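Novice: Below is a structure I'd like to ask you about.
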Amino acid sequence: MSTENSNAIDIVDNPHGDHSDHGNADHDHKPKGITRWLYTTNHKDIGTLYLLFALLMLFIGGSLAMVIRAELFQPGLQFVDPHFFNQMTTVHGLVMVFGAIMPAFVGLANWMVPLMIGAPDMALPRMNNWSFWLLPCAFIILLSTLFMEGGGPAAGWTFYAPLSTTYSSDSTAFFVFAVHIMGVSSIMGAMNVIVTIFNLRAPGMTWMKMPLFVWTWLITAFLLIAVMPVLAGTVTMVLTDKYFGTSFFNAAGGGDPVMFQHIFWFFGHPEVYIMILPAFGIVSSIIPTFARKPLFGYESMVIATASIAFLSFIVWAHHMFTTGMPVAAELFFMYTTMLIAVPTGVKVFNWVATMWRGSMTFETPMMFAVAFIVLFTIGGLSGLMLAIIPADFQYQDTYFVVAHFHYVLVTGALFGIISGVYFWIPKWTGVMYSERLGQWHFWCSLISVNMLFFPMHFVGLAGMPRRIPDYALQFADMNAFISIGGALFGLSQLLFVWGVVRCMRGKGIKASTQVWEGAQGLEWEIPSPAPYHTFQTPPSVK
Amino acid sequence: MKRYLSGLRCAAYFPLFMYMLLTSLSLQAETEKYNMTRGATDISHQVYNLHMTIFYICCAIGLLVFALMFWSIVHHRKSKGAKAAQFHGSLKIEILWTAIPVVILVAMAIPASKTLIAMEDASKADLTVLVTGSQWKWHYKYMEYPIEFYSMLATPRDQIDNLAEKTELYLRDVDKPLVLPTGKKIRFLVTADDVIHSWWVPAFAIKKDANPGFINETWTRVDKPGIYRGQCAELCGKDHGFMPIVVDVKAPEDFERWATEQVALQAQAKAEEEKAAQQTQSMEELMTLGQKVYETHCAMCHQISGEGLTGAIPALKGSVIATKDIPAHIHMVVFGKPATAMQAFGKQLTTIELAAVITYERNAWGNNTGELVQVADVVAIMEAGE
Amino acid sequence: MESHKLLVRKLVLICIAMFGFGFALVPLYDVFCRYTGINGKTENTAAPAARRVDASREISVEFLANRDPGIPWSFAPEITRIEVHPGQVMVVNFLAENLSAEATIGRAVPSVSPGEAARYFKKIECFCFVEQPLDSRQKKAMPVQFYIDPELPEQFTTITLSYRLYKSTLSNASR
Numbered sequence: 010m011s012t013e014n015s016n017a018i019d020i021v022d023n024p025h026g027d028h029s030d031h032g033n034a035d036h037d038h039k040p041k042g043i044t045r046w047l048y049t050t051n052h053k054d055i056g057t058l059y060l061l062f063a064l065l066m067l068f069i070g071g072s073l074a075m076v077i078r079a080e081l082f083q084p085g086l087q088f089v090d091p092h093f094f095n096q097m098t099t100v101h102g103l104v105m106v107f108g109a110i111m112p113a114f115v116g117l118a119n120w121m122v123p124l125m126i127g128a129p130d131m132a133l134p135r136m137n138n139w140s141f142w143l144l145p146c147a148f149i150i151l152l153s154t155l156f157m158e159g160g161g162p163a164a165g166w167t168f169y170a171p172l173s174t175t176y177s178s179d180s181t182a183f184f185v186f187a188v189h190i191m192g193v194s195s196i197m198g199a200m201n202v203i204v205t206i207f208n209l210r211a212p213g214m215t216w217m218k219m220p221l222f223v224w225t226w227l228i229t230a231f232l233l234i235a236v237m238p239v240l241a242g243t244v245t246m247v248l249t250d251k252y253f254g255t256s257f258f259n260a261a262g263g264g265d266p267v268m269f270q271h272i273f274w275f276f277g278h279p280e281v282y283i284m285i286l287p288a289f290g291i292v293s294s295i296i297p298t299f300a301r302k303p304l305f306g307y308e309s310m311v312i313a314t315a316s317i318a319f320l321s322f323i324v325w326a327h328h329m330f331t332t333g334m335p336v337a338a339e340l341f342f343m344y345t346t347m348l349i350a351v352p353t354g355v356k357v358f359n360w361v362a363t364m365w366r367g368s369m370t371f372e373t374p375m376m377f378a379v380a381f382i383v384l385f386t387i388g389g390l391s392g393l394m395l396a397i398i399p400a401d402f403q404y405q406d407t408y409f410v411v412a413h414f415h416y417v418l419v420t421g422a423l424f425g426i427i428s429g430v431y432f433w434i435p436k437w438t439g440v441m442y443s444e445r446l447g448q449w450h451f452w453c454s455l456i457s458v459n460m461l462f463f464p465m466h467f468v469g470l471a472g473m474p475r476r477i478p479d480y481a482l483q484f485a486d487m488n489a490f491i492s493i494g495g496a497l498f499g500l501s502q503l504l505f506v507w508g509v510v511r512c513m514r515g516k517g518i519k520a521s522t523q524v525w526e527g528a529q530g531l532e533w534e535i536p537s538p539a540p541y542h543t544f545q546t547p548p549s550v551k
Numbered sequence: 002m003k004r005y006l007s008g009l010r011c012a013a014y015f016p017l018f019m020y021m022l023l024t025s026l027s028l029q030a031e032t033e034k035y036n037m038t039r040g041a042t043d044i045s046h047q048v049y050n051l052h053m054t055i056f057y058i059c060c061a062i063g064l065l066v067f068a069l070m071f072w073s074i075v076h077h078r079k080s081k082g083a084k085a086a087q088f089h090g091s092l093k094i095e096i097l098w099t100a101i102p103v104v105i106l107v108a109m110a111i112p113a114s115k116t117l118i119a120m121e122d123a124s125k126a127d128l129t130v131l132v133t134g135s136q137w138k139w140h141y142k143y144m145e146y147p148i149e150f151y152s153m154l155a156t157p158r159d160q161i162d163n164l165a166e167k168t169e170l171y172l173r174d175v176d177k178p179l180v181l182p183t184g185k186k187i188r189f190l191v192t193a194d195d196v197i198h199s200w201w202v203p204a205f206a207i208k209k210d211a212n213p214g215f216i217n218e219t220w221t222r223v224d225k226p227g228i229y230r231g232q233c234a235e236l237c238g239k240d241h242g243f244m245p246i247v248v249d250v251k252a253p254e255d256f257e258r259w260a261t262e263q264v265a266l267q268a269q270a271k272a273e274e275e276k277a278a279q280q281t282q283s284m285e286e287l288m289t290l291g292q293k294v295y296e297t298h299c300a301m302c303h304q305i306s307g308e309g310l311t312g313a314i315p316a317l318k319g320s321v322i323a324t325k326d327i328p329a330h331i332h333m334v335v336f337g338k339p340a341t342a343m344q345a346f347g348k349q350l351t352t353i354e355l356a357a358v359i360t361y362e363r364n365a366w367g368n369n370t371g372e373l374v375q376v377a378d379v380v381a382i383m384e385a386g387e
Numbered sequence: 527m528e529s530h531k532l533l534v535r536k537l538v539l540i541c542i543a544m545f546g547f548g549f550a551l552v553p554l555y556d557v558f559c560r561y562t563g564i565n566g567k568t569e570n571t572a573a574p575a576a577r578r579v580d581a582s583r584e585i586s587v588e589f590l591a592n593r594d595p596g597i598p599w600s601f602a603p604e605i606t607r608i609e610v611h612p613g614q615v616m617v618v619n620f621l622a623e624n625l626s627a628e629a630t631i632g633r634a635v636p637s638v639s640p641g642e643a644a645r646y647f648k649k650i651e652c653f654c655f656v657e658q659p660l661d662s663r664q665k666k667a668m669p670v671q672f673y674i675d676p677e678l679p680e681q682f683t684t685i686t687l688s689y690r691l692y693k694s695t696l697s698n699a700s701r
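Taken in sequence, the protein lines are chains A, B and C.
Every letter in the first sequence is one number past the one before it in this note's numbering, and letter 87, counting from 1, is 96.
Every letter in the second sequence is one number past the one before it in this note's numbering, and letter 383, counting from 1, is 384.
Every letter in the third sequence is one number past the one before it in this note's numbering, and letter 118, counting from 1, is 644.
Below, the structure is given as structure tokens:
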């Protein structure tokens, strides 16, 4: 495996020197047509590809969610049968986690990390191309299972054994294969980020001068390297249990289905931080810009991010309190989980302190960042409630949990990404997005997203389990309301697409080099749009 | 810029909005429509109080942080001529806002740990019930009484398919509830036959995963007689949403009476079955009963039309199994097909019901084989074994 | 650049190590279970005999038996409950009968509840240590010889020993 990789690595021999000896025309001028995108090794092109792919997946995953919400609009079975419903919840989760949120972050890292640290490109450009083009392959395979006989994966995105092994449909092998490819893609993306940050920082860009987005991504990349292989191992065990007669998760052969959950969540918990830490970084760039004031507590932000990453490895069993654990283990996982509230709290307090006595304006990126702080905090506080085991016995596997993780992942991770896109798109395209459209997008999203997810807390507390296609009559009003919120939220995102397409077609006011009055950092010192090649000679950082 | 300032001003009222929401929430706490149930046991009351306490603490923290933030948003804006200060850190403040949350967390952890330890009390129980989950029904077995039965969804298929008006207990009612006495410590041993299920009765604050191959343990003591409802809480396949739990808690005398009655009923049913084995039933009798059994036990998967679900559930209409070899058909229904959703119905249905449903499958939907399956045929296959 | 290669090599090694770690979690989990009692797993090897009997208290031991739908046997304990003193060695039979027309191999998987007590449930001899073949229609009384460790914490008064009988994967292979 190591030889394979080192062969594939196309190294930027001389990051700060002349590139003509590289023998690759791509580096000199922008090629035209489809081959530009297929063969590109340019970090900006690849960043764009990742972001567009994530946007497409957001809409595919969103459409699946619309099927779910349509079925749940009223009690009774209206549109789909329960088996298909389960495929929808499963594939919605997989597409959103692995297809939308994670690639969007990798896209932002591709675009912004080299610009922020003054590097000419990512350190391993060919591997960069490969890691992107694996993704469409993985998702074509995953989505094609929905059209196979017996349907796609239906055991939930957490695919608990034995539902995902002995009792799953024949397409399980395709699902496992798709997850493997996604895993390889993520790992390669993460390696690229690590090598870039370690080796290609401009002179004077010391560790503690790096923007927080770079810090959070570095820590995220290490989390990815640590846990994606564990996921690969888990799905491999699922594969061999189903097709090759092993008994990792089958009690009949000396295995244990609960072990699946332990291994899965050993990956799964760091995974949820993989999906939020880069958003912390984005927000930490945006708040100081629009408050025109330096970030409060930079060092404590770095320490808090690292502590969250460390704690993520010792809290996994809080996803499985009801599986029956000894009291001592339950108490341990409850305490460690509660402890995560401390560094997370520090981050929120630092953001608020950054805003305090600033000179704030509220353009769209700032609006999304402020909404992020409020709504992510709501998600964080419900997470704290979920950590309290006796209460968790009541919350576990209800819509309360669904509300919690959608607050963290939609109004947290996704709002973070959207604010980042509005923040940086003038730099990418050279034109300002339409502020009016952006504000419309923001307010429509804010209202609809809360209509969608806030009532889920109440249906969950009142006793509605998650992953059910039909429900008792007392949940009917709330579910109808939630479904309307869902449809509105989905439609609101069309405004986002409109705004982005407008910028991509170059319509709008021309952006200045600095773009934002309060913007600071290397990425704001290059022209807008960012030239195809930047920092060929390293900038000096004071 | 001015255009959306009014929007922002609305956002500044967010804390007020949250406060109103909270007040309305606590008013509605009694209705249980939007909040966790208080439940019917001492433990569930403790859990409810714990839930409300941490909820209020979280709200207080949230309100404080958001209030500060929105105060800043309103006052520290450029349009109001605010000049940005340039401070960027303070060790003292960082230590302070690390330490205060730790104190709050400790304050939350203490009652939580106490309740958890109370929940894990392993003292002697008065009654033990073995709860077994399977796709998609619950089975209850009383260790102290010779009573065991399956408990499955009682909602008619028509209501689920929107062909009939939904009744009040839509998806919440079962054919045979679990019956328990008041005031006794009842121990539940929880396990599963196929995939992982989770036995959840909110009123007892019990949610315990049923893991195939292993047993889990939990307990309750209910003081108030009544009917308590719950449902499966772990995704267990296609009909995960259709396996409710109903617990009927009776006074100890009533429970004893019920238990005696059940033992008598089971004996009576056995005698009737033995009698039926000697007799033959008419096509009409078998088809009428068969249709009823089919619709409650088989139609969820194979569908009322007998056409199954493409790729997932095989069709019975025009199938080899339901039109060719009779013993193979009986064998399939009685013993099931391992590692699939096709269960062994031999344990779940009476021999008359088995004979009827097999006859029905062989003659419905144009499978008109004209063949009758009698109780004696079923008994013969059962005795021959798998 | 050399430093790229070196760093990539290290990162690839971390990946391979973590992939291996995923699999290493399997035996680690077993150790973890034995120690903490997750799923009530017990030692699957013979325990040495008890050193002393604690006559001051009695523990109620319950027996449960159920079978996987895939194995055509009947399977039940001879008695459902006994009272024992910790340290006292007991033998209990589980009765199995192969109801099918073919020889089958069974495998019983034990689980003890409450899980924390599993460590103190000592089996000197058990039919679950080995696979159990039964010919067609053959009946067999399968014994388990056990005692409760006198070190059992005071709060435990009832212990349940449950077996789930599976068709052995070996008998699938022989078919």
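Built from N, CA and C at the ideal position, the CB exists for glycine as well.
Just so it is clear, the structure is predicted and the values come from calculations on it, not from any experiment.
Output the distance between the C-alpha atoms of A:Phe231 and A:Ala338, rounded to the nearest integer angstrom.
Specialist: Spanning the two alpha carbons is a distance of roughly 27 Å.
Novice: Please report the Cβ distance between C:His530 and A:Asn208, rounded to the nearest whole angstrom; I am assuming they are in contact, meaning their Cβ atoms lie under 8 Å.
Specialist: Between A:Asn208 and C:His530 the Cβ distance is about 6 Å, and since that is below 8 Å, they are a contact.
Novice: Please state whether the Cβ-Cβ distance between A:Gly161 and B:Ala313 is less than 7 Å.
Specialist: No.
Novice: For A:Ile397, count neighbouring Cβ atoms within 10 angstroms of its own Cβ and tell me buried if that reaches 16, exposed if not.
Specialist: Buried, by the Cβ-count rule.
Novice: What whole-angstrom Cβ distance do B:Ser1 and B:Lys177 have, given they're in contact under 8 Å?
Specialist: Because chain B in this structure spans residues 2 to 387, residue 1 of chain B falls outside the shown range and cannot be described.
Novice: Quick check: is the beta carbon of A:Pro171 nearer than 7 Å to any beta carbon in chain C?
Specialist: No, A:Pro171 does not count as interfacial toward chain C.
Novice: Looking at the unbroken beta strand (DSSP E) that takes in B:Trp139, where does it start and where does it end?
Specialist: Note, B:Trp139: beta strand (DSSP E), Lys138 to Tyr143.
Novice: Kindly confirm or deny that the stretch 202 to 216 of chain B and the stretch 269 to 283 of chain B touch, where touching means at least three C-beta pairs closer than 8 Å.
Specialist: Counting Cβ pairs under 8 Å, fewer than three are found: no touch.
Novice: Report, in whole angstroms, the separation of the C-beta atoms of A:Glu534 and A:Pro547, which I expect to be a contact under 8 Å.
Specialist: That pair is no contact at about 12 Å.
Novice: Could you tell me the distance, in whole angstroms, from the CA atom of B:His298 to the CA atom of B:Val130?
Specialist: Rounded to whole angstroms, B:His298 to B:Val130 spans 24 Å at the Cα level.
Novice: Got a sec: is the Cβ-Cβ distance from C:Cys654 to anything in chain A below 7 Å?
Specialist: C:Cys654 does not count as touching chain A.
Novice: Provide the residue span of the alpha helix (DSSP H) that contains C:Gln658, from first to last.
Specialist: Where C:Gln658 is concerned, there is no enclosing alpha helix (DSSP H), although the beta strand (DSSP E) it sits in stretches over Gln658 to Leu660.
Novice: Ignoring anything shorter than 4 residues, give me the alpha helix (DSSP H) runs that lie fully in the stretch 278 to 341 of chain B, in order along the chain.
Specialist: Runs found: 284 to 294, 300 to 303, 321 to 324 and 327 to 336.
Novice: Does any CB atom of chain A fall closer than 7 Å to the CB of B:Ala30?
Specialist: Only weak support exists for where B:Ala30 lies, its pLDDT of 48 falling under 50; the coordinates are left without a value.
Novice: Does the distance from the C-beta atom of A:Thr215 to that of A:Gly290 stay below 7 Å?
Specialist: Going by C-beta atoms, A:Thr215 is not nearer than 7 Å to A:Gly290.
Novice: Tell me which residues of the stretch 71 to 87 of chain B have at least one Cβ-Cβ distance to chain A shorter than 8 Å, keeping chain order.
Specialist: The stretch 71 to 87 of chain B vs chain A, Cβ under 8 Å: Ser73, Ile74, His77, Arg78, Lys79, Ser80, Ala83, Lys84, Ala85, Ala86 and Gln87.
Novice: Is it the case that the Cβ atoms of A:Ala163 and A:Asn95 are separated by a distance below 7 Å?
Specialist: Closer than 7 Å, so yes.
Novice: Quick one: list the residues of chain B neighbouring A:Ile427, beta-carbon separation under 7 Å, in chain order.
Specialist: Here the premise fails: no neighbours, minimum Cβ distance about 17 Å.
Novice: Give, in chain order, every unbroken run of the alpha helix (DSSP H) that is at least 4 residues long and sits entirely within the stretch 305 to 371 of chain A.
Specialist: List check, alpha helix (DSSP H) in window: 307 to 320, 336 to 348 and 350 to 364.
Novice: Report the three-state DSSP secondary structure of A:Val524 (helix, strand or coil).
Specialist: Coil at A:Val524, not helix or strand.
Novice: Evaluate the contact criterion for the stretch 353 to 364 of chain A versus the stretch 259 to 270 of chain A: three or more CB pairs, one atom per stretch, below 8 Å.
Specialist: Touching, no, given that fewer than three Cβ pairs across the two stretches are closer than 8 Å.
Novice: Distance cutoff 7 Å, beta carbons only. Does C:Thr683 sit that close to anything in chain B?
Specialist: Yes, C:Thr683 lies at the interface with chain B (some Cβ there is under 7 Å from its Cβ).
Novice: Can you give the Cα-Cα distance for C:Phe601 and C:Ser662, rounded to whole angstroms?
Specialist: Roughly 14 Å separates the two Cα atoms.
Novice: At the level of alpha carbons, what is the spacing between A:Pro464 and B:Lys142?
Specialist: C-alpha separation (whole angstroms): 38 Å.
Novice: Whose CA, out of C:Gln681, C:Ser694, C:Ile685 and C:Tyr673, lies closest to the CA of C:Arg577?
Specialist: The residue with the shortest Cα to Cα distance from C:Arg577 is C:Tyr673.
Novice: What's the C-alpha gap between C:Lys693 and C:Val635?
Specialist: Approximately 11 Å between the Cα atoms of the pair.
Novice: Just grab the DSSP bridge partners of A:Arg301 for me.
Specialist: None, per the DSSP bridge assignment.
Novice: Roughly how many whole angstroms lie between the Cα atoms of B:Gly1 and B:Trp201?
Specialist: Chain B is shown from 2 up to 387; residue 1 of chain B falls before or after that span and cannot be answered.
Novice: If you reduce the DSSP assignment to three classes, tell me which class C:Glu584 lands in.
Specialist: Coil, per DSSP.
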